[in-house]
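To start, the structure under review is shown below, and the notes come after it.
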Amino acid sequence: MGFPKVLQLDQGSSFTSALSTTFLEKFGIKVVHSSVYHPQSNPIERFHRTVKRVLKVLCLESGNDWEQAIYPALFALRTVTHESTGFTPAELVHGKNLRTPLTLLYEKWLDVEVTEW
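At position 36 of the sequence shown (counting the first as 1) the number is 36 in the UniProt record's numbering, and the numbers step up by one without a gap.
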(Lines of atoms letter the chains of each structure in order from A and count residues from 1; the text may use other names and numbers.)
(Lines give C-alpha, C1' and ligand atoms only; values in the text may rest on other atoms or scores of the structure.)
Protein backbone atom coordinates (compact mmCIF):
# COMPACT_ATOMS: atom_id res chain seq x y z
CA MET A 1 0.00 0.00 0.00
CA GLY A 2 1.09 3.56 -0.42
CA PHE A 3 3.43 4.85 -3.09
CA PRO A 4 4.67 2.38 -5.69
CA LYS A 5 8.39 1.73 -6.16
CA VAL A 6 8.02 1.57 -9.95
CA LEU A 7 5.43 3.26 -12.16
CA GLN A 8 4.94 2.11 -15.75
CA LEU A 9 3.81 4.93 -18.01
CA ASP A 10 3.16 5.36 -21.68
CA GLN A 11 4.76 8.16 -23.66
CA GLY A 12 1.94 10.60 -22.83
CA SER A 13 2.86 14.16 -21.95
CA SER A 14 0.70 14.26 -18.81
CA PHE A 15 3.44 12.66 -16.70
CA THR A 16 6.41 14.59 -18.08
CA SER A 17 5.58 17.97 -16.56
CA ALA A 18 7.96 19.52 -14.04
CA LEU A 19 5.42 18.99 -11.26
CA SER A 20 4.99 15.29 -12.04
CA THR A 21 8.71 14.72 -12.39
CA THR A 22 9.44 16.49 -9.10
CA PHE A 23 6.74 14.48 -7.29
CA LEU A 24 8.03 11.16 -8.62
CA GLU A 25 11.63 11.99 -7.75
CA LYS A 26 10.72 13.26 -4.26
CA PHE A 27 8.99 10.01 -3.36
CA GLY A 28 11.61 7.77 -4.98
CA ILE A 29 9.31 6.38 -7.65
CA LYS A 30 11.18 4.93 -10.62
CA VAL A 31 9.47 5.57 -13.96
CA VAL A 32 9.54 2.92 -16.68
CA HIS A 33 8.20 3.97 -20.08
CA SER A 34 6.49 1.47 -22.35
CA SER A 35 7.09 1.46 -26.07
CA VAL A 36 5.06 3.82 -28.20
CA TYR A 37 1.97 2.13 -29.70
CA HIS A 38 2.81 -1.18 -28.05
CA PRO A 39 -0.23 -2.12 -25.95
CA GLN A 40 1.12 -5.60 -25.20
CA SER A 41 3.66 -4.09 -22.79
CA ASN A 42 1.13 -1.96 -20.92
CA PRO A 43 -1.56 -3.74 -18.83
CA ILE A 44 -3.90 -0.73 -18.88
CA GLU A 45 -3.78 -0.59 -22.68
CA ARG A 46 -4.58 -4.32 -22.79
CA PHE A 47 -7.53 -3.75 -20.44
CA HIS A 48 -8.80 -0.90 -22.62
CA ARG A 49 -8.58 -3.19 -25.66
CA THR A 50 -10.64 -5.82 -23.79
CA VAL A 51 -13.25 -3.24 -22.75
CA LYS A 52 -13.56 -2.10 -26.37
CA ARG A 53 -14.13 -5.68 -27.54
CA VAL A 54 -16.80 -6.32 -24.90
CA LEU A 55 -18.52 -3.01 -25.72
CA LYS A 56 -18.48 -3.83 -29.42
CA VAL A 57 -20.18 -7.19 -28.83
CA LEU A 58 -22.78 -5.73 -26.45
CA CYS A 59 -23.57 -2.86 -28.83
CA LEU A 60 -23.90 -5.17 -31.82
CA GLU A 61 -26.20 -7.53 -29.90
CA SER A 62 -28.42 -4.90 -28.30
CA GLY A 63 -28.21 -2.08 -30.82
CA ASN A 64 -27.46 0.36 -27.98
CA ASP A 65 -24.84 3.08 -27.94
CA TRP A 66 -21.66 2.32 -26.04
CA GLU A 67 -22.70 4.70 -23.26
CA GLN A 68 -25.62 2.41 -22.43
CA ALA A 69 -23.44 -0.71 -22.60
CA ILE A 70 -20.58 0.49 -20.39
CA TYR A 71 -22.10 -0.63 -17.06
CA PRO A 72 -23.00 -4.16 -18.23
CA ALA A 73 -19.54 -4.44 -19.82
CA LEU A 74 -17.74 -3.42 -16.64
CA PHE A 75 -19.97 -5.71 -14.55
CA ALA A 76 -19.07 -8.62 -16.84
CA LEU A 77 -15.36 -7.85 -16.63
CA ARG A 78 -15.50 -7.53 -12.83
CA THR A 79 -17.21 -10.91 -12.39
CA VAL A 80 -14.99 -13.05 -14.62
CA THR A 81 -12.17 -15.04 -13.03
CA HIS A 82 -8.81 -13.77 -14.28
CA GLU A 83 -6.26 -16.35 -15.31
CA SER A 84 -3.35 -14.49 -13.70
CA THR A 85 -4.91 -14.22 -10.21
CA GLY A 86 -7.44 -17.04 -10.10
CA PHE A 87 -10.00 -14.58 -8.70
CA THR A 88 -12.53 -12.12 -10.04
CA PRO A 89 -11.72 -8.41 -9.61
CA ALA A 90 -14.88 -8.12 -7.48
CA GLU A 91 -13.63 -10.87 -5.18
CA LEU A 92 -10.26 -9.18 -4.78
CA VAL A 93 -11.84 -5.80 -3.98
CA HIS A 94 -14.87 -6.86 -1.92
CA GLY A 95 -13.74 -10.23 -0.54
CA LYS A 96 -16.63 -12.05 -2.21
CA ASN A 97 -18.12 -12.54 -5.63
CA LEU A 98 -21.05 -10.50 -6.91
CA ARG A 99 -24.41 -12.04 -7.68
CA THR A 100 -24.80 -12.42 -11.42
CA PRO A 101 -27.70 -13.60 -13.60
CA LEU A 102 -25.99 -17.01 -13.67
CA THR A 103 -25.89 -17.06 -9.87
CA LEU A 104 -29.60 -16.25 -9.73
CA LEU A 105 -30.38 -19.12 -12.12
CA TYR A 106 -28.26 -21.50 -10.05
CA GLU A 107 -30.05 -20.47 -6.85
CA LYS A 108 -33.44 -20.93 -8.53
CA TRP A 109 -32.53 -24.38 -9.85
CA LEU A 110 -31.31 -25.53 -6.45
CA ASP A 111 -34.13 -23.68 -4.68
CA VAL A 112 -31.79 -22.75 -1.87
CA GLU A 113 -31.05 -19.57 -0.03
CA VAL A 114 -27.48 -18.46 -0.40
CA THR A 115 -26.54 -16.09 2.40
CA GLU A 116 -22.89 -15.57 1.47
CA TRP A 117 -23.68 -12.97 -1.19
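Heads up, the beta-carbon is just placed ideally off N, CA and C, and yes, glycines get one too.
Extent of the continuous alpha helix (DSSP H) to which residue i belongs
i   : result
Q68 : W66 to R78
H94 : P89 to H94
Three-way DSSP call (helix, strand, coil) for residue i in this model
i   : result
L55 : helix
H33 : strand
R82 : For the record, residue 82 in the displayed sequence is His; it is not Arg. The answer is coil: DSSP assigns H82 none of H, G, I, E or B.
Bounding residues of the beta strand (DSSP E) (the contiguous stretch that carries residue i)
i  : result
L7 : V6 to L9
Beta-carbon proximity of residue i to residue j, cut-off 8 Å
i   : j   : result
I29 : K5  : yes
V32 : L24 : no
Distance between beta carbons of residue j and residue i, contact taken as under 8 Å
i   : j    : result
L92 : T100 : Their Cβ separation, rounded to whole angstroms, is 16 Å, which puts L92 and T100 out of contact at 8 Å.
Given 8 Å, three or more beta-carbon pairs between the stretch 72-86 and the stretch 52-63: yes
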